[in-house]
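Only one structure is covered here, and it is reproduced in the block below.
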Amino acid sequence: MSKTSLNTKGLYSALSAFSVDPWERVSESIIADFSNRNIISNFIKGCDADIGGFSSVNFEYSNKASHFFGYISKQLPENKKVKKTGYAMIKSNKFSFSFDNNGYLDTSVCRYLAIHAKFDHRKYNLNVLYPSALKKDIHQHVLQNKYINRWETVIIPLSNFALTNNGIIVSSQMSMYRQKVESIGLSVSDKKEGPFKLSIAWIKMFNSVLSDGDQDRVPNVGPGTWNSTNIEFR
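First residue of the sequence shown: 25, per this note's numbering; consecutive thereafter.
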(Lines of atoms letter the chains of each structure in order from A and count residues from 1; the text may use other names and numbers.)
(Lines give C-alpha, C1' and ligand atoms only; values in the text may rest on other atoms or scores of the structure.)
Protein backbone atom coordinates (compact mmCIF):
# COMPACT_ATOMS: atom_id res chain seq x y z
CA MET A 1 0.00 0.00 0.00
CA SER A 2 1.38 3.40 -0.95
CA LYS A 3 1.95 6.16 1.59
CA THR A 4 -0.88 8.14 0.00
CA SER A 5 -3.40 5.33 0.45
CA LEU A 6 -6.16 5.98 2.97
CA ASN A 7 -6.15 3.88 6.08
CA THR A 8 -9.90 3.83 6.69
CA LYS A 9 -9.65 2.41 10.16
CA GLY A 10 -7.06 5.00 11.14
CA LEU A 11 -9.11 7.79 9.61
CA TYR A 12 -12.16 6.72 11.57
CA SER A 13 -10.16 6.59 14.82
CA ALA A 14 -8.80 10.08 14.21
CA LEU A 15 -12.24 11.51 13.50
CA SER A 16 -13.71 9.77 16.54
CA ALA A 17 -11.15 11.49 18.76
CA PHE A 18 -12.73 14.80 17.75
CA SER A 19 -16.34 13.46 17.99
CA VAL A 20 -16.81 13.83 14.24
CA ASP A 21 -19.17 11.51 12.38
CA PRO A 22 -17.80 10.92 8.85
CA TRP A 23 -21.34 9.97 7.82
CA GLU A 24 -22.97 12.97 9.48
CA ARG A 25 -26.70 12.94 8.95
CA VAL A 26 -29.98 14.03 10.51
CA SER A 27 -31.04 11.43 13.06
CA GLU A 28 -34.45 12.99 13.72
CA SER A 29 -36.14 16.37 13.63
CA ILE A 30 -39.45 17.53 15.08
CA ILE A 31 -41.65 19.04 12.36
CA ALA A 32 -44.56 19.98 14.60
CA ASP A 33 -44.68 19.85 18.40
CA PHE A 34 -48.37 19.69 19.25
CA SER A 35 -47.62 19.62 22.99
CA ASN A 36 -46.87 23.35 22.65
CA ARG A 37 -50.10 25.37 22.89
CA ASN A 38 -48.69 28.07 20.59
CA ILE A 39 -48.72 25.72 17.61
CA ILE A 40 -52.50 26.09 17.25
CA SER A 41 -52.08 29.58 15.78
CA ASN A 42 -49.82 28.18 13.04
CA PHE A 43 -52.56 25.95 11.62
CA ILE A 44 -55.50 26.68 9.35
CA LYS A 45 -58.69 24.63 9.68
CA GLY A 46 -61.33 24.03 7.06
CA CYS A 47 -64.32 21.86 6.15
CA ASP A 48 -67.19 21.76 3.68
CA ALA A 49 -69.01 24.44 5.71
CA ASP A 50 -66.68 26.86 3.89
CA ILE A 51 -68.66 26.14 0.69
CA GLY A 52 -72.11 25.84 2.28
CA GLY A 53 -71.90 22.32 3.73
CA PHE A 54 -72.80 21.23 7.24
CA SER A 55 -69.61 19.68 8.64
CA SER A 56 -67.72 21.32 11.51
CA VAL A 57 -64.04 21.39 12.47
CA ASN A 58 -62.11 22.50 15.55
CA PHE A 59 -58.45 22.53 16.47
CA GLU A 60 -57.72 23.14 20.15
CA TYR A 61 -55.04 22.59 22.77
CA SER A 62 -55.48 20.84 26.13
CA ASN A 63 -53.60 18.40 28.38
CA LYS A 64 -50.27 18.82 26.56
CA ALA A 65 -51.67 17.82 23.15
CA SER A 66 -53.60 19.33 20.25
CA HIS A 67 -57.00 17.99 19.23
CA PHE A 68 -58.49 17.92 15.72
CA PHE A 69 -62.21 17.26 16.12
CA GLY A 70 -65.66 18.03 14.82
CA TYR A 71 -68.49 16.45 12.85
CA ILE A 72 -68.62 15.13 9.29
CA SER A 73 -71.90 15.73 7.48
CA LYS A 74 -72.58 14.44 3.98
CA GLN A 75 -75.64 16.64 3.55
CA LEU A 76 -75.47 18.71 0.38
CA PRO A 77 -76.29 22.43 0.51
CA GLU A 78 -78.99 24.04 -1.59
CA ASN A 79 -76.31 25.37 -3.92
CA LYS A 80 -76.47 22.88 -6.81
CA LYS A 81 -72.91 23.69 -7.83
CA VAL A 82 -71.62 21.90 -4.72
CA LYS A 83 -71.42 18.20 -5.56
CA LYS A 84 -69.12 16.98 -2.78
CA THR A 85 -69.22 17.40 1.00
CA GLY A 86 -68.13 15.36 4.01
CA TYR A 87 -64.61 16.57 4.68
CA ALA A 88 -62.58 18.39 7.33
CA MET A 89 -58.90 19.25 7.53
CA ILE A 90 -56.15 21.24 9.17
CA LYS A 91 -52.89 22.36 7.61
CA SER A 92 -49.93 24.36 8.77
CA ASN A 93 -49.11 27.79 7.46
CA LYS A 94 -46.06 27.84 5.24
CA PHE A 95 -43.04 27.01 7.34
CA SER A 96 -41.46 30.21 8.64
CA PHE A 97 -38.13 28.60 9.48
CA SER A 98 -35.41 27.69 7.02
CA PHE A 99 -32.67 25.11 6.90
CA ASP A 100 -30.83 27.12 4.21
CA ASN A 101 -33.71 26.12 1.97
CA ASN A 102 -35.54 29.41 1.29
CA GLY A 103 -38.11 28.85 4.00
CA TYR A 104 -39.08 25.34 2.94
CA LEU A 105 -38.60 22.14 4.91
CA ASP A 106 -36.17 19.66 3.34
CA THR A 107 -37.49 16.20 4.19
CA SER A 108 -35.08 14.46 1.80
CA VAL A 109 -32.52 14.24 4.61
CA CYS A 110 -34.72 11.62 6.32
CA ARG A 111 -36.47 8.45 5.20
CA TYR A 112 -39.50 8.33 7.49
CA LEU A 113 -42.25 10.45 8.99
CA ALA A 114 -43.78 9.54 12.35
CA ILE A 115 -46.84 10.84 14.15
CA HIS A 116 -47.61 10.24 17.82
CA ALA A 117 -51.37 10.40 18.19
CA LYS A 118 -54.50 9.00 19.81
CA PHE A 119 -57.10 7.83 17.31
CA ASP A 120 -60.82 7.25 17.39
CA HIS A 121 -62.65 4.84 15.04
CA ARG A 122 -62.15 7.09 11.99
CA LYS A 123 -59.44 7.03 9.33
CA TYR A 124 -57.16 10.03 8.77
CA ASN A 125 -54.74 11.19 6.09
CA LEU A 126 -51.37 12.78 6.73
CA ASN A 127 -50.93 15.38 3.98
CA VAL A 128 -47.75 16.93 2.60
CA LEU A 129 -47.90 20.03 0.40
CA TYR A 130 -45.18 21.52 -1.77
CA PRO A 131 -45.00 24.07 -4.62
CA SER A 132 -46.94 22.71 -7.60
CA ALA A 133 -48.39 23.99 -10.85
CA LEU A 134 -51.69 22.39 -9.81
CA LYS A 135 -52.97 23.95 -6.59
CA LYS A 136 -54.90 20.86 -5.49
CA ASP A 137 -51.92 18.49 -5.79
CA ILE A 138 -51.23 16.91 -2.39
CA HIS A 139 -49.24 13.87 -1.38
CA GLN A 140 -51.25 11.83 1.12
CA HIS A 141 -50.99 8.67 3.20
CA VAL A 142 -53.72 7.00 5.26
CA LEU A 143 -52.58 6.63 8.88
CA GLN A 144 -52.75 2.94 9.78
CA ASN A 145 -53.30 2.94 13.52
CA LYS A 146 -53.54 -0.25 15.59
CA TYR A 147 -55.46 1.07 18.59
CA ILE A 148 -58.47 3.21 19.48
CA ASN A 149 -58.32 5.82 22.25
CA ARG A 150 -54.71 4.92 23.05
CA TRP A 151 -51.52 6.83 22.30
CA GLU A 152 -49.35 5.22 19.63
CA THR A 153 -46.71 6.12 17.05
CA VAL A 154 -47.46 5.51 13.37
CA ILE A 155 -44.47 5.42 11.01
CA ILE A 156 -44.65 6.13 7.26
CA PRO A 157 -41.79 5.84 4.75
CA LEU A 158 -41.69 9.14 2.86
CA SER A 159 -41.55 7.20 -0.41
CA ASN A 160 -45.00 5.70 0.31
CA PHE A 161 -47.02 8.91 -0.05
CA ALA A 162 -49.43 8.95 -3.01
CA LEU A 163 -50.07 11.97 -5.23
CA THR A 164 -53.71 13.07 -5.13
CA ASN A 165 -55.67 15.88 -6.73
CA ASN A 166 -58.87 17.06 -5.10
CA GLY A 167 -58.71 13.96 -2.88
CA ILE A 168 -58.46 11.45 -5.75
CA ILE A 169 -55.32 9.37 -6.37
CA VAL A 170 -53.71 10.48 -9.64
CA SER A 171 -53.13 7.70 -12.20
CA SER A 172 -49.76 9.14 -13.28
CA GLN A 173 -47.87 9.18 -10.00
CA MET A 174 -45.01 11.61 -9.44
CA SER A 175 -42.51 11.50 -6.60
CA MET A 176 -42.98 14.01 -3.81
CA TYR A 177 -40.80 17.13 -4.06
CA ARG A 178 -39.27 16.34 -0.70
CA GLN A 179 -36.65 19.10 -0.79
CA LYS A 180 -39.30 21.84 -0.64
CA VAL A 181 -42.15 20.94 1.66
CA GLU A 182 -44.16 24.06 2.49
CA SER A 183 -46.94 22.67 4.66
CA ILE A 184 -48.21 19.56 6.43
CA GLY A 185 -51.75 18.70 7.41
CA LEU A 186 -54.31 16.15 8.51
CA SER A 187 -57.73 15.30 7.15
CA VAL A 188 -60.57 12.89 7.83
CA SER A 189 -60.33 10.31 5.06
CA ASP A 190 -63.22 7.86 5.51
CA LYS A 191 -66.00 10.28 4.46
CA LYS A 192 -68.48 8.74 6.93
CA GLU A 193 -71.11 10.81 8.70
CA GLY A 194 -70.55 11.39 12.41
CA PRO A 195 -68.20 12.90 15.00
CA PHE A 196 -64.42 12.61 14.84
CA LYS A 197 -61.49 13.34 17.12
CA LEU A 198 -57.75 12.92 16.63
CA SER A 199 -55.33 13.96 19.39
CA ILE A 200 -51.74 14.66 18.32
CA ALA A 201 -48.54 15.02 20.36
CA TRP A 202 -45.96 15.48 17.60
CA ILE A 203 -44.95 14.84 14.00
CA LYS A 204 -41.29 14.21 13.24
CA MET A 205 -39.04 13.05 10.43
CA PHE A 206 -36.23 10.62 11.16
CA ASN A 207 -33.72 8.09 9.92
CA SER A 208 -33.30 4.56 11.15
CA VAL A 209 -29.82 3.32 12.03
CA LEU A 210 -29.62 2.00 8.46
CA SER A 211 -30.70 5.08 6.53
CA ASP A 212 -29.42 8.50 5.54
CA GLY A 213 -32.37 9.89 3.62
CA ASP A 214 -32.81 7.64 0.60
CA GLN A 215 -29.28 6.30 0.95
CA ASP A 216 -28.59 3.10 2.84
CA ARG A 217 -26.10 3.30 5.65
CA VAL A 218 -24.16 0.68 7.59
CA PRO A 219 -24.25 1.83 11.23
CA ASN A 220 -21.08 2.40 13.17
CA VAL A 221 -21.02 0.32 16.36
CA GLY A 222 -17.48 1.08 17.51
CA PRO A 223 -14.02 2.21 16.37
CA GLY A 224 -13.18 0.34 13.19
CA THR A 225 -16.14 -2.00 13.65
CA TRP A 226 -19.21 -2.15 11.46
CA ASN A 227 -22.43 -4.06 11.81
CA SER A 228 -25.33 -4.72 9.46
CA THR A 229 -28.51 -5.16 11.49
CA ASN A 230 -32.21 -5.16 10.86
CA ILE A 231 -33.92 -1.80 10.81
CA GLU A 232 -34.34 -0.13 14.17
CA PHE A 233 -36.60 2.88 14.55
CA ARG A 234 -35.40 5.59 16.87
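Built from N, CA and C at the ideal position, the CB exists for glycine as well. Predicted, not measured: the structure shown is a model, and the values here were computed from it.
Under the three-state DSSP convention, the category residue i falls into
{"i": "residue 212", "result": "strand"}
{"i": "residue 183", "result": "helix"}
{"i": "residue 199", "result": "coil"}
{"i": "residue 172", "result": "coil"}
{"i": "residue 142", "result": "strand"}
{"i": "residue 65", "result": "helix"}
{"i": "residue 204", "result": "helix"}
Unbroken beta strand (DSSP E) run spanning residue i, endpoints
{"i": "residue 94", "result": "89 to 96"}
{"i": "residue 57", "result": "52 to 57"}
{"i": "residue 152", "result": "148 to 153"}
{"i": "residue 129", "result": "Looking at the DSSP string, residue 129 is not in any beta strand (DSSP E), and its letter there is neither H nor E."}
{"i": "residue 83", "result": "80 to 86"}
Cβ neighbours of residue i in the same chain (closer than 8 Å, five flanking residues each side left out)
{"i": "residue 168", "result": "178"}
{"i": "residue 190", "result": "160"}
Neighbourhood of residue i by C-beta, 7 Å cutoff - its chain only, sequence neighbours within 5 removed
{"i": "residue 198", "result": "187"}
{"i": "residue 50", "result": "133, 134, 231"}
{"i": "residue 212", "result": "96, 111, 112, 146, 148, 220"}
{"i": "residue 166", "result": "147, 149, 213"}
Whole-Å CB distance - residue i paired with residue j, under 8 Å assumed
{"i": "residue 201", "j": "residue 154", "result": "4 Å"}
{"i": "residue 116", "j": "residue 67", "result": "5 Å"}
{"i": "residue 205", "j": "residue 128", "result": "6 Å"}
{"i": "residue 209", "j": "residue 114", "result": "6 Å"}
Residues that DSSP places opposite residue i in a beta bridge
{"i": "residue 70", "result": "113"}
{"i": "residue 218", "result": "96"}
{"i": "residue 189", "result": "161, 192"}
{"i": "residue 224", "result": "90, 141"}
{"i": "residue 156", "result": "According to DSSP, which records beta bridges pairwise, residue 156 is partnered with nothing at all."}
{"i": "residue 178", "result": "139"}
Spatial neighbours of residue i in its chain, beta-carbon cut-off 6 Å, leaving aside the 5 residues before and after
{"i": "residue 225", "result": "58, 59, 89, 140"}
{"i": "residue 110", "result": "96, 98, 215"}
{"i": "residue 227", "result": "55, 56, 139"}
{"i": "residue 221", "result": "93, 144"}
{"i": "residue 80", "result": "94, 95"}
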